[in-house]
Amino acid sequence: SVGAGHIYTNSALQNLLHTYADDIQACAPAFNRTANLVGQPVSLLEVGNAQDAEIYQRLDRQGAAQREVQYRSTCIAQNVSAIRDEAGAHLGFVCEWRDRTAEARVEIDVADVVRSAAAGDLSKRIDSTGKQGFFLQLAQQLNALLDANAVSIAEVSRLLSALADGDLSARMQGQFHGVFATMRDDANTTAEQLALVIGRIQQAAGSIHTASSEIAAGNNDLSQRTEQQAANLEETAASMEELTSTVKQNAESARQANQLAIGAAGVASQGGAVVAQVVTTMSGIEVSSKKIAEIISVIDGIAFQTNILALNAAVEAARAGEQGRGFAVVASEVRTLAQRSAGAAKEIKHLIDDSVSKVAEGSPLVHQAGTTMAEIVASVQRVTDIMGEISAASQEQSSGIEQVNLTITHMDEATQQNAALVEEATAAARTMEDQASQLAHAVSRFTLADAPQAQAAMPVATTPAVVAVARASKPSTRAPSARKPAVNASAATAGNDSQWQDF
């Protein structure tokens, strides 16, 4: 039974207990390496009574149990089987001890190495000292696997570090197999494709920088010309406004002059009519003066005849003597009246002749004045017509200049907008130039295997020297043929091109 203690131990168990006595005694203080186990209680080698109770309960239920007991660094696997009689009564149990210390240590080493590898530390290895057989082979194979992974990852890390530093000429070196060879080829193809892209970016950055500089310079010149044109248009608009105001004033003055000319034409027409009436009146006066002169001549002739008759009457009265004295007095008075009438008639005739002479002299002048007045009326009418045309032309000119002024104002506004757009375009070109410079500066840190191409693509003055040094530092064994698969898209990298496109 269990309570009877150990009744038998073989030599293998005794050797095992002797080998690991220190570890067993550290965990089971009641154990004595020199004492015989026969007759000693089973709990002598137990780490804790709870384990005893647990395994005994399993024995009662199942008839067998397995467990591992850890004595510090010593690991023992125990297989316990119950012993029963024919009636099924419990007689005792048999416990088999199996040493798993070496196996457990290998498991711990493997777990530690795997845990470190999972955490990214590939520097740990399994110590193969003292290991034999399967455990030695396992340690060597795991160490070889870690070495292969470490070399591959170190090469990838070196390549990525070089790419991070801008050296696009770096490639993975070494002999790899399987997935590591595929990883090497893919990594090298990626670096080559990236070098091509960066080279093209450098060329594009240089071209963009040059083009943006030219665009910025052109836009700056265009902006200055546009501003000058805007200023000229603004001055022209101001001059056109003044000209429009002046033309409007001239149009108004022409309209007023036209009204005055129309009034003057009316007055001239009235004056022409009056002069025509004066000419007619002067003609009548001339005719009347001639008739009066004729009448005065008749009166003068009558007075002369009367004077002769009076003289004859006086002569006859003198002949008659006293009988004719009264008649002589009458004849004398008649003669006196006739003389006076003749004198008055002469004076009147003289005045009438003078008047007729003046009328004769004035009549041509009046006719000439009438003709001149008619010409004046015609001239005033022509002036009126011309002033009307001038007024109409001034109105049209005012409308035209106002339209021109409006057009110039629109042109001025459009030019101002163009100037603003040109300034924005100039600012955008400057921004693009700055961004191109920044892009060129950003890609200038990359070192390419094809240095002249990179140097030609870079607008920064310091870049060619850096590229030249990078070329000089590279070994001459890096022939262009090493990059042909990526450039020529050969069969070896045909499958990688699609991967690069995905990348």
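In the working numbering, each residue's number is its place in the sequence shown (first place is 1) plus 1. Where a beta carbon is used, it is the ideal one built from N, C-alpha and C, also for glycine. Please read all numbers here as calculations on a predicted model, not as lab measurements.
Opening and closing residue of the beta strand (DSSP E) in which residue i lies
i     : result
Ala65 : 65 to 72
For residue i, the residue or residues it bridges with in DSSP
i      : result
Ile77  : Val70, Asp100
Phe447 : Answer is none; Phe447 lacks a bridge partner.
Ile84  : Gly93
Asp128 : Paired residues: none, contrary to the question.
Asp168 : Thr448
Burial state of residue i (16 or more Cβ within 10 Å)
i      : result
Leu533 : Summary: the structure shown does not reach residue 533, with the chain confined to residues 2 through 504, and so no result is reported for it.
Lys359 : exposed
Ala206 : buried
Thr427 : buried
Lys350 : buried
Asn189 : buried
Thr372 : exposed
Gly285 : exposed
Glu215 : exposed
Gly200 : buried
Gln174 : exposed
Val444 : buried
Thr432 : exposed
Phe94  : buried
Gly327 : exposed
Ile109 : exposed
Leu366 : exposed
Gln203 : buried
Gly302 : exposed
Arg320 : exposed
Asn37  : exposed
N-terminal and C-terminal residue of the alpha helix (DSSP H) that residue i is part of
i      : result
Ser153 : 134 to 165
Pro365 : 326 to 444
His7   : Note, His7: premise wrong, no alpha helix (DSSP H); not H, not E.
Gly264 : 180 to 321
Ala29  : Counting along the chain, Ala29 falls outside any alpha helix (DSSP H), and DSSP gives it neither H nor E.
Beta-carbon spacing of residue i, residue j below 8 Å
i      : j      : result
Ala315 : Ser342 : no
Leu147 : Arg126 : yes
Asp128 : Arg73  : no
His178 : Ala441 : no
Met283 : Ser364 : yes
Ala269 : Ile377 : yes
Ala346 : Ile387 : no
Thr408 : Ile263 : no
Asn220 : Ala420 : no
Val43  : Tyr9   : no
Ala65  : Ser82  : yes
Gln71  : Glu97  : no
Val248 : Ile402 : yes
Leu234 : Met412 : yes
Val48  : Cys28  : yes
Asn313 : Ala339 : no
Val153 : Ala437 : Note that residue 153 corresponds to Ser in the displayed sequence, not to Val. No.
Ala182 : Leu160 : no
Arg85  : Leu92  : yes
Leu46  : Arg34  : no
Ala217 : Glu434 : yes
Gly514 : Thr448 : For the chain, the structure presents residues 2 to 504; residue 514 sits outside this window and is missing.
Ala311 : Ala318 : no
Thr416 : Gln230 : yes
Check: residue i C-beta below 7 Å from any heavy atom of the ligand NAD
i     : result
Asn16 : The model on display carries no ligand, and the ligand NAD is accordingly not part of it.
Below-8 Å beta-carbon distance, residue i vs any chain D residue
i      : result
Leu137 : The question asks about chain D, but that chain is absent: this structure has only one protein chain.
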